[in-house]
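Here is the structure we will look at.
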Amino acid sequence: MYDIISAIILGIVEGLTEFLPVSSTGHLILVGDLLGFEGDTATTFKIVIQLGAVLAVLVLYWKRYMSILKDLLTFNFRASNKLNAIHMGIAMVPALIIYLIFKDYIKQYLFGPGPVLIGLIIGGILMIIAARVKRKVTAENTDDITYKQALGIGLFQCFALWPGFSRSGSTISGGLLLGTSQKAAADFTFIIAVPVMFGATILDMYDSRELLTGDALMLFLIGFIAAFVVAMLAVVTFLNLIKRLKLEWFAFYRFAVAVIFFIFVM
């Protein structure tokens, strides 16, 4: 019963933090540490339930995904001068390659409170730099994003493989430094979230297939549902929030979480 309660709590945490640049994975690791929910199964659980929250993005952006899929099937990539599957593909490749090479190291050494606190702080510094460095905005919305900018954002996404950095925080920071508006960077971040997280979840579940027993699958399902439901309730509000608030505010929150956890828990 305690594991079920922990799964629900972590699902709620995931649903509330996935859409903010505060690192949902980092929060899951820290809260999981407080709950004593740790081990190989817990590590896989924390990856899998993120897909529940990310699927809320699929619901929100389903028209955009259908448009991208239609263009892909008809090989109509740049003729319509809009975001397409090539943008998504080149943005996903860098992190995918790094993950495949270092996934065992990441799960063994970085899924702990200490690395998360480091990630929260360094990621917060990156966000402050991105928010304050002045760049000419060349992409006001996602359809203005170039292939070069998409690749650059994909490279910044590699930072998110370190729990605590935040995938949205890294990619939005990268977008700002590369000349996109914060709105365009946020939209692009969440559009590529579905294939990225789906791929990461499938790979991790395959690698951890021996852990997928009946009890573990039940916990995964409970956490998945909790994350999806909470994310569906929060997605629109939080996405509007991230597009309007300066990144510094989220960075300050990250610093506060890191300091509080370090003082009172570590």
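The working numbering applies: residue 10 is where the sequence shown begins, and numbers increase by one. Here a beta-carbon is modelled for each residue, glycine too, at the ideal position from N, C-alpha and C. Owing to the predicted nature of the structure, the values given are computational and were not obtained by experimental measurement.
#### Entry: Pair within 8 Å by beta-carbon distance, E257 and A193
no
### Query
Counting Cβ pairs closer than 8 Å, one from the segment 212-224 and one from the segment 181-197, do we hit at least three?
no
### Message
Once DSSP output is grouped into helix, strand and coil, what is the label at T53?
### Response
helix
### Task
Report buried or exposed for V57, applying the criterion of at least 16 other Cβ atoms within 10 angstroms of its Cβ.
buried
#### Entry: W71, enclosing alpha helix (DSSP H) - first and last residue
71-82
### Task
Check whether the Cβ atoms of R263 and L129 lie closer than 8 Å to each other.
yes
### Query
Are the CB atoms of V244 and A65 nearer to each other than 8 Å?
yes
### Query
Tell me which same chain residues have a C-beta within less than 6 Å of the C-beta of L92, skipping the five on either side of it?
T151, D152
### Message
Does the segment 162-182 come into contact with the segment 211-219, if we say contact requires no fewer than three beta-carbon pairs (one atom in each stretch) closer than 8 Å?
### Response
no
### Task
Return yes when the C-beta of F207 is under 7 Å from any heavy atom of the ligand GTP, and no when it is not.
With respect to the ligand GTP, the structure shown offers nothing to examine, as it has no ligands at all.
### Query
Taking the C-alpha atoms as reference points, what is the distance between A94 and Y11?
43 Å
### Task
Give the C-beta separation of S175 and V31 to the nearest angstrom, bearing in mind that I take them to be a contact with Cβ-Cβ under 8 Å.
6 Å
### Query
So what does DSSP say about T198, is it helix, strand or coil?
helix
### Task
Counting only the same chain and skipping the five closest in sequence on each side, list residues whose C-beta sits under 7 Å from that of V63.
E27, A202, V203, M206
### Task
Within 10 angstroms of the Cβ of T83, are there 16 or more other Cβ atoms? Answer buried if so, exposed if not.
exposed
### Query
Taking buried to mean at least 16 other C-beta atoms within 10 Å of its own C-beta, is L43 buried or exposed?
exposed
### Message
My output table needs one value for T189: the three-state DSSP class, helix, strand or coil.
### Response
strand
### Message
On the CB-based measure, 16 or more other CB atoms within 10 Å of its CB, does F197 come out buried or exposed?
### Response
buried
### Task
Would you mind giving the Cβ-Cβ distance between G20 and A235, rounded to the nearest angstrom? I have them listed as a contact below 8 Å.
3 Å
#### Entry: For A140: DSSP bridge partner residues
Answer is none; A140 lacks a bridge partner.
### Query
Going by beta carbon distance, what residues of the same chain come within less than 6 Å of A100, once the five residues before and after it are set aside?
A159, I162, G163, I201
### Query
Rounded to the nearest angstrom, how far is the Cβ of P172 from that of P103, given a contact under 8 Å?
Going by Cβ atoms, the distance from P172 to P103 rounds to 18 Å, so no, they are not a contact pair.
### Assigned exposure category for F199 - 16 Cβ within 10 Å defines buried
buried
### Message
Between which residues of its own chain and M241 is the CB-CB distance below 6 Å, once the five residues before and five after are set aside?
### Response
A65
### Task
May I ask you to list the residues that DSSP assigns as paired with A148?
T189
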